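**Student:** Here's a structure for you.
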Amino acid sequence: MILVATMLLVGTVWIQGAFAAAERTVTLAVDHMTCATCPFVVRKALQQVDGVDTVRVDYESKTATVAFDPEIASVSDLTAATTRAGYPSKPKE
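Heads up: the sequence shown runs through residues -20 to -1, 1 to 73, numbered per mature numbering (1 follows the signal peptide of the UniProt record, and there is no 0).
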């Protein structure tokens, strides 16, 4: 019985750890956003990157804030996606 309880506890901790993976958020400075439709293109490009959870693009500040799983995606994956879409970006300092 103790062995079963221990296995259940360890399994629960492992499952919770898997779902609580460290999500990372980065804000990108995005070039070439010159019209109101540009943010939609940038958002779509970022959403297509595996590991991306949420994307918020702000036309006024020319930024994109992206929450992603760093075990699946990287900042360079995100900047490459916007660049391929015609909007070069870099992490905002």
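Where a beta carbon is used, it is the ideal one built from N, C-alpha and C, also for glycine.
For clarity, every value in this text was computed on a predicted model and none was experimentally measured.
#1: May I ask which residues mark the beginning and end of the beta strand (DSSP E) holding residue 46?
#2: Rounding to the nearest angstrom, what Cα-Cα distance links residue 47 and residue 64 in this structure?
#3: Ends of the beta strand (DSSP E) at residue 32?
#4: Ends of the alpha helix (DSSP H) at residue 19?
#5: What's the gap between the Cα of residue 19 and the Cα of residue 43?
**Tutor:** In this structure, then:
#1: Within the sequence shown, the letter at position 66 stands for residue 46. That run of the beta strand (DSSP E) goes 43 to 48.
#2: Indexing the sequence shown from 1 puts residue 47 at position 67. Indexing the sequence shown from 1 puts residue 64 at position 84. Going by the C-alpha atoms only, they are around 20 Å apart.
#3: Locating residue 32 in the sequence shown gives position 52, counting from the first residue. Per DSSP, residue 32 belongs to the beta strand (DSSP E) from 32 to 38.
#4: Residue mapping note: residue 19 aligns to position 39 of the sequence shown, counting from 1. Residues 18 to 27.
#5: Translated into the one-based positions of the sequence shown, residue 19 becomes position 39. Translated into the one-based positions of the sequence shown, residue 43 becomes position 63. Answer to the nearest angstrom: the Cα atoms are 9 Å apart.
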